[in-house]
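Number of protein chains: 2
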Amino acid sequence: MDPIERAAEVRYTRADGLADVLRGADALFVYDFLSTAVPGAWHAADRLRWVHIASAGVDPVMFPELRASDVVLTNSRGVFDGAIAEYVLGVILAFAKDFAGSLRLQQRGEWRHRETERAAGRRVLVVGTGPIGRSIARLLRAAGLDVTGAGRRAVADDPDFGTVHASAVLADHLGHFDYVVAVAPLTEQTKGMFDAAAFAAMKPQARFVNVGRGELVVTADLIEALRAGEIAGAALDVFDTEPLPPDNPLWTMDNVLVSPHMSGDVVGWRNTLVEVFTDNFTRWCEGQPLRNVVDKQLGYVPSGGNR
Amino acid sequence: MDPIERAAEVRYTRADGLADVLRGADALFVYDFLSTAVPGAWHAADRLRWVHIASAGVDPVMFPELRASDVVLTNSRGVFDGAIAEYVLGVILAFAKDFAGSLRLQQRGEWRHRETERAAGRRVLVVGTGPIGRSIARLLRAAGLDVTGAGRRAVADDPDFGTVHASAVLADHLGHFDYVVAVAPLTEQTKGMFDAAAFAAMKPQARFVNVGRGELVVTADLIEALRAGEIAGAALDVFDTEPLPPDNPLWTMDNVLVSPHMSGDVVGWRNTLVEVFTDNFTRWCEGQPLRNVVDKQLGYVPSGGNR
Numbered sequence: 000m001d002p003i004e005r006a007a008e009v010r011y012t013r014a015d016g017l018a019d020v021l022r023g024a025d026a027l028f029v030y031d032f033l034s035t036a037v038p039g040a041w042h043a044a045d046r047l048r049w050v051h052i053a054s055a056g057v058d059p060v061m062f063p064e065l066r067a068s069d070v071v072l073t074n075s076r077g078v079f080d081g082a083i084a085e086y087v088l089g090v091i092l093a094f095a096k097d098f099a100g101s102l103r104l105q106q107r108g109e110w111r112h113r114e115t116e117r118a119a120g121r122r123v124l125v126v127g128t129g130p131i132g133r134s135i136a137r138l139l140r141a142a143g144l145d146v147t148g149a150g151r152r153a154v155a156d157d158p159d160f161g162t163v164h165a166s167a168v169l170a171d172h173l174g175h176f177d178y179v180v181a182v183a184p185l186t187e188q189t190k191g192m193f194d195a196a197a198f199a200a201m202k203p204q205a206r207f208v209n210v211g212r213g214e215l216v217v218t219a220d221l222i223e224a225l226r227a228g229e230i231a232g233a234a235l236d237v238f239d240t241e242p243l244p245p246d247n248p249l250w251t252m253d254n255v256l257v258s259p260h261m262s263g264d265v266v267g268w269r270n271t272l273v274e275v276f277t278d279n280f281t282r283w284c285e286g287q288p289l290r291n292v293v294d295k296q297l298g299y300v301p302s303g304g305n306r
Numbered sequence: 000m001d002p003i004e005r006a007a008e009v010r011y012t013r014a015d016g017l018a019d020v021l022r023g024a025d026a027l028f029v030y031d032f033l034s035t036a037v038p039g040a041w042h043a044a045d046r047l048r049w050v051h052i053a054s055a056g057v058d059p060v061m062f063p064e065l066r067a068s069d070v071v072l073t074n075s076r077g078v079f080d081g082a083i084a085e086y087v088l089g090v091i092l093a094f095a096k097d098f099a100g101s102l103r104l105q106q107r108g109e110w111r112h113r114e115t116e117r118a119a120g121r122r123v124l125v126v127g128t129g130p131i132g133r134s135i136a137r138l139l140r141a142a143g144l145d146v147t148g149a150g151r152r153a154v155a156d157d158p159d160f161g162t163v164h165a166s167a168v169l170a171d172h173l174g175h176f177d178y179v180v181a182v183a184p185l186t187e188q189t190k191g192m193f194d195a196a197a198f199a200a201m202k203p204q205a206r207f208v209n210v211g212r213g214e215l216v217v218t219a220d221l222i223e224a225l226r227a228g229e230i231a232g233a234a235l236d237v238f239d240t241e242p243l244p245p246d247n248p249l250w251t252m253d254n255v256l257v258s259p260h261m262s263g264d265v266v267g268w269r270n271t272l273v274e275v276f277t278d279n280f281t282r283w284c285e286g287q288p289l290r291n292v293v294d295k296q297l298g299y300v301p302s303g304g305n306r
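Order-wise, the sequence lines are chains A and B. With numbering that gives the first Met the number 0, letter number 121 in the first sequence gets 120, and the count goes up by one each step, no holes. With numbering that gives the first Met the number 0, letter number 126 in the second sequence gets 125, and the count goes up by one each step, no holes.
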């Protein structure tokens with residue numbers, strides 16, 4: 000933060016002190032991207048012109064007052080793309096090769112040969128066509144998987160996905176895929192889109208991967224679908240409540256891989272997040288257009304947008 | 000085996016009955032590729048002209064009498080390539096994203112965020128430039144890793160590897176790599192090539208992956224290198240004794256992934272192996288050149304060879 004401290008008065012705070020320091024501030028850098036403190040402190044934002052968030056998803060700051068205001072919102076688009084793509088390919092290969100089964104057998108010292116699956120040729124639906132979804136699509140295609148997208152609008156010849164289905168008719172398509180990857184932004188339209196009907200539409204052999212937001216999923220429906228064998232497994236890096244509560248059944252299901260919201264967080268990510276903010280701060284001071292300006296009605300940075 | 004049963008008298012046996020059925024046989028299909036029964040039954044091979052083995056590695060039948068004989072040896076080159084490549088990419092991603100750590104935390108219901116590594120850009124040395132090594136190299140390169148080969152001869156511009164180092168000077172190069180993948184054929188030259196000196200030459204951050212043969216490694220040296228932190232981890236699908244004995248320390252080391260010699264064995268592999276034999280059997284009946292003829296002095300099918 001050195002360059003910023005040289006150019007501005009910087010106040011640091013935790014959630015409970017936000018209102019105090021927000022008074023008089025021109026810009027707010029939300030570093031704890033899951034913080035819900037901003038709406039509660041908003042009354043103190045008496046001259047705020049810019050909010051930057053250290054995440055790709057901006058759902059924690061999509062409250063009505065900010066959306067209705069003239070305050071510009073920017074995000075950290077681009078920081079997590081490659082790492083999350085690798086995580087998704089990794090969990091697909093972990094399912095195909097049953098790494099979890101091998102690890103459990105290893106813990107028991109038990110040698111038990113099983114047959115594995117190929118990943119190449121498997122059909123993957125990536126729901127979310129932003130930069131992270133595109134990075135996932137490119138990596139999976141490079142590894143030989145057959146990738147389709149789902150987004151707000153249907154597209155016939157997308158450069159990364161080939162075909163993009165419209166999310167509004169997702170259920171018509173879900174049955175064709177071996178893996179369904181959720182990476183859509185969390186908005187009023189996408190909240191709870193993976194519900195009982197969606198899981199029922201998937202193949203019994205399908206695995207569900209969530210690297211987007213927990214609230215894209217109706218968690219109780221997912222648990223029921225896994226229990227009933229409507230789908231074969233799930234790899235979940237995000238949850239509607241984080242940390243995932245100790246009594247949540249997902250922890251103990253053998254066909255579920257739980258990770259603690261870390262798929263994008265490679266060594267050095269904290270510095271990278273500050274660099275993204277610093278770059279935008281310099282632009283802001285110089286009166287240049289900011290990068291990664293969120294469309295506050297859509298709830299994300301539009302593609303073909305400003306970066 | 001139907002096409003073969005229609006064209007020939009087929010005798011099936013387990014290891015202990017091999018000598019009885021080998022007498023008078025023209026061809027031998029070694030389906031249990033780890034069987035050591037062939038040398039012990041060789042005295043009964045009174046008219047044998049062809050041995051086919053249901054594996055890529057032919058080390059179990061590389062005994063002096065077969066090598067010195069006129070009997071043609073063929074292998075199952077090609078069946079395992081893509082599956083093993085996916086396994087190798089999978090374990091690299093499992094290390095980079097610490098899937099084993101996540102699974103152990105999941106078993107304890109413990110939410111603990113960690114930073115992960117990128118796989119892209121990491122340097123990988125693939126030791127073994129046969130079809131499996133090449134398949135590994137192509138897949139890892141497609142996923143953005145930086146791949147180099149090691150083989151019998153140095154090559155400057157290999158199409159799959161770019162640079163291939165000579166295995167004879169391997170120790171000079173091992174220190175440059177984040178991952179070292181063993182997939183060389185097991186021969187007198189390669190046996191025990193991964194010994195204390197080799198592990199000492201690797202980076203402390205390096206992970207070792209063995210999808211070749213257990214005897215490429217001096218297991219006691221590997222265990223010691225892992226314990227001493229000379230290398231950071233190992234993913235092992237093959238062992239010098241299989242099944243891996245219950246008291247072997249590798250079972251219980253947190254930085255080791257043990258799998259039971261299954262990396263190439265995708266659903267359907269048994270049929271594929273029979274198809275490879277059936278194809279060669281048809282060629283043999285018709286007097287056509289066989290595929291995958293092993294150079295019995297080298298101990299593998301030479302590259303640019305006969306398939």
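Backbone N, C-alpha and C fix where the C-beta goes; we use that ideal spot for every residue, glycine too.
#1: With distances taken Cα to Cα, identify the nearest neighbour of V255 of chain A among A:R269, A:S262, A:L235.
#2: Please confirm if Y86 of chain A has its CB atom under 8 Å from at least one CB of chain B.
#3: Beta-carbon separation of H164 of chain A and A181 of chain A under 8 Å?
#4: Identify each residue in the region 110–121 of chain A for which the Cβ-Cβ distance to at least one residue of chain B is less than 8 Å, and report them in chain order.
#5: Going by other Cβ atoms of all chains shown within 10 Å of its Cβ, with 16 needed for buried, is G16 of chain A buried or exposed?
#6: Would you check if there are 3 or more beta carbon pairs closer than 8 Å linking the region 44–57 of chain A to the region 47–60 of chain B?
#7: By the criterion of Cβ-Cβ separation under 8 Å, what are the contact partners of L243 of chain B in chain A?
#8: Note down the Cα distance separating L102 of chain A from V125 of chain B, rounded to an integer number of angstroms.
#9: Using a C-beta to C-beta distance shorter than 9 Å, which residues of chain B count as neighbours of F98 of chain A?
#10: Taking Cβ-Cβ distances shorter than 7 Å, what residues in chain A pair up with D239 of chain B?
#11: Quick one: what does DSSP say F207 of chain A is sitting in, helix, strand or coil?
#12: May I have the straight-line CA-CA distance separating L21 of chain A from R133 of chain B, to the nearest angstrom?
#13: In the structure shown, what three-state DSSP assignment does Y299 of chain A receive?
#14: Note down, in chain order, every chain B residue with its Cβ under 9 Å from the Cβ of V266 of chain A.
#15: Any Cβ of chain B within less than 8 Å of the Cβ of M61 of chain A?
#16: Classify Y11 of chain B as helix, strand or coil using the three-state DSSP reduction.
#17: Run through chain B and tell me which residues come within less than 7 Å of G81 of chain A, C-beta to C-beta.
#18: If you draw a straight line from the C-alpha of V50 of chain B to the C-alpha of A136 of chain B, how long is it?
#19: In chain A, what lies closer than 7 Å to L138 of chain B by C-beta?
#20: By the criterion of Cβ-Cβ separation under 7 Å, what are the contact partners of Q105 of chain B in chain A?
#21: Residues in the same chain with beta-carbon distance under 8 Å from M261 of chain A, minus the five sequence neighbours each way, listed in chain order, please.
#22: Is DSSP giving G157 of chain A helix, strand or coil here?
#23: Residues of chain A with a CB under 7 Å from the CB of M261 of chain B: which are they?
#24: Under 6 Å Cβ to Cβ from Y86 of chain A, same chain only, skipping five residues before and after it: list those, please.
#25: Determine the direct distance from the alpha carbon of R121 of chain A to that of V78 of chain B, and round the result to whole angstroms.
#26: Quick one: residues in its chain with C-beta nearer than 6 Å to the C-beta of W41 of chain B, no 5 flanking neighbours on either side, listed in chain order?
#27: Spatial neighbours of V37 of chain A within its chain, please: C-beta separation below 6 Å, excluding the five flanking residues on both sides.
#28: Do I83 of chain B and A118 of chain B have their C-beta atoms closer together than 8 Å?
#29: Provide the residue(s) that pair with Y178 of chain A in DSSP beta bridges, ordered along the chain.
#30: Looking at the strands, I want to know which residues DSSP matches up with I52 of chain B.
#31: Is it the case that the Cβ atoms of A141 of chain A and E116 of chain A are separated by a distance below 8 Å?
#32: What does the alpha-carbon distance come out to for the pair A183 of chain A and Y299 of chain A?
#33: What separation, rounded to the nearest whole angstrom, lies between the Cα atoms of P301 of chain A and T189 of chain A?
#34: Hey, would you say L215 of chain B sits closer than 8 Å to A233 of chain B, going by beta carbons?
#35: Does the beta-carbon distance from A26 of chain A to R48 of chain A come in below 8 Å?
#36: The beta strand (DSSP E) with A149 of chain B in it runs from where to where?
Let me spell this out:
#1: Your numbering for residue 255 of chain A matches position 256 in the first sequence. Of the listed residues, the one whose Cα sits closest to V255 of chain A is A:L235.
#2: Mapped onto the first sequence, residue 86 of chain A falls at position 87. Y86 of chain A counts as touching chain B.
#3: On the first sequence, position 165 is the one that residue 164 of chain A refers to. On the first sequence, position 182 is the one that residue 181 of chain A refers to. Result no, Cβ atoms of H164 of chain A and A181 of chain A do not sit closer than 8 Å.
#4: W110, R111, H112, R113, E114, T115, E116, R117, A118, A119
#5: Taking the first residue of the first sequence as 1, we reach residue 16 of chain A at position 17. Exposed: under 16 other Cβ atoms inside 10 Å.
#6: no
#7: Mapped onto the second sequence, residue 243 of chain B falls at position 244. W110, listed in chain order.
#8: Stepping through the first sequence from its first residue, residue 102 of chain A is reached at position 103. Stepping through the second sequence from its first residue, residue 125 of chain B is reached at position 126. Distance between the alpha carbons of L102 of chain A and V125 of chain B: 24 Å.
#9: Here residue 98 of chain A refers to the residue found at position 99 when the first sequence is read from its first residue. Per Cβ cutoff of 9 Å: G89, V90, A93, F98, A99, L102, L256, S258.
#10: On the second sequence, position 240 is the one that residue 239 of chain B refers to. Within chain A, no residue comes near D239 of chain B; the closest Cβ sits about 14 Å away, beyond 7 Å.
#11: Residue 207 of chain A sits at position 208 when you count from the first residue of the first sequence. Reduced to three states, the DSSP call for F207 of chain A is strand.
#12: The residue you call residue 21 of chain A lines up with position 22 of the first sequence. The residue you call residue 133 of chain B lines up with position 134 of the second sequence. Cα-Cα distance, rounded: 58 Å.
#13: Locating residue 299 of chain A in the first sequence gives position 300, where the first residue counts as 1. Reduced to three states, the DSSP call for Y299 of chain A is strand.
#14: Against the first sequence, residue 266 of chain A aligns to sequence position 267. Residues of chain B passing the Cβ test: E114, T115, E116, R117.
#15: The residue you call residue 61 of chain A lines up with position 62 of the first sequence. Chain B contact via Cβ: absent.
#16: Within the second sequence, residue 11 of chain B is the residue found at index 12, counting from 1. It is coil, neither helix nor strand.
#17: Taking the first sequence and counting its residues from 1, the one referred to as residue 81 of chain A is at position 82. By Cβ distance, chain B contributes R117, A119.
#18: Walking along the second sequence from the start, residue 50 of chain B turns up at place 51. Walking along the second sequence from the start, residue 136 of chain B turns up at place 137. If I take the Cα positions, the gap works out to 30 Å.
#19: To locate residue 138 of chain B, count along the second sequence from 1; it is residue 139. By Cβ distance, chain A contributes A142.
#20: Here residue 105 of chain B refers to the residue found at position 106 when the second sequence is read from its first residue. Going along chain A in sequence order, the residues near Q105 of chain B (Cβ under 7 Å) are W250, V257.
#21: As a working mapping, residue 261 of chain A is identified with position 262 in the first sequence. Excluding positions up to five away in sequence, the list reads D236.
#22: What you label residue 157 of chain A is simply residue 158 of the first sequence in a count that begins at 1. A small correction: the amino acid at residue 157 of chain A is Asp; Gly does not occupy that position in the sequence shown. Correct three-state label for D157 of chain A: strand.
#23: As a working note, residue 261 of chain B is residue 262 in the second sequence. Result: H112, R113, T115.
#24: By one-based count along the first sequence, residue 86 of chain A stands at place 87. The residues are S262.
#25: As a first step, residue 78 of chain B is located in the second sequence; it is residue number 79 there, counting from the start. As a first step, residue 121 of chain A is located in the first sequence; it is residue number 122 there, counting from the start. Their backbone Cα atoms lie some 18 Å apart in a straight line.
#26: Translated into positions along the second sequence, residue 41 of chain B becomes position 42. E64, listed in sequence order.
#27: Mapped onto the first sequence, residue 37 of chain A falls at position 38. Correct list, in chain order: V60.
#28: Here residue 83 of chain B corresponds to residue number 84 of the second sequence, with the count starting at 1. Here residue 118 of chain B corresponds to residue number 119 of the second sequence, with the count starting at 1. No, these two residues do not count as a Cβ contact at 8 Å.
#29: On the first sequence, residue 178 of chain A is found 179 positions in, with the first residue counted as 1. Partner(s): A:V123, A:R206.
#30: Walking along the second sequence from the start, residue 52 of chain B turns up at place 53. The partner list for I52 of chain B (beta bridge, DSSP) reads B:V29.
#31: The count along the first sequence starts at 1 and reaches residue 141 of chain A at position 142. The count along the first sequence starts at 1 and reaches residue 116 of chain A at position 117. Against a cut-off of 8 Å, the Cβ pair of E116 of chain A and A141 of chain A comes out as no contact.
#32: Here residue 183 of chain A refers to the residue found at position 184 when the first sequence is read from its first residue. Here residue 299 of chain A refers to the residue found at position 300 when the first sequence is read from its first residue. Cα-Cα distance, rounded: 10 Å.
#33: Taking the first sequence and counting its residues from 1, the one referred to as residue 301 of chain A is at position 302. Taking the first sequence and counting its residues from 1, the one referred to as residue 189 of chain A is at position 190. Distance between the alpha carbons of P301 of chain A and T189 of chain A: 16 Å.
#34: For this step, residue 215 of chain B is matched to residue 216 along the second sequence. For this step, residue 233 of chain B is matched to residue 234 along the second sequence. It is not a contact, given that the beta carbons lie outside the stated cut-off.
#35: Here residue 26 of chain A is taken as the residue at index 27 of the first sequence, counted from 1. Here residue 48 of chain A is taken as the residue at index 49 of the first sequence, counted from 1. Yes. Within cutoff.
#36: Locating residue 149 of chain B in the second sequence gives position 150, where the first residue counts as 1. Residues 145–150.
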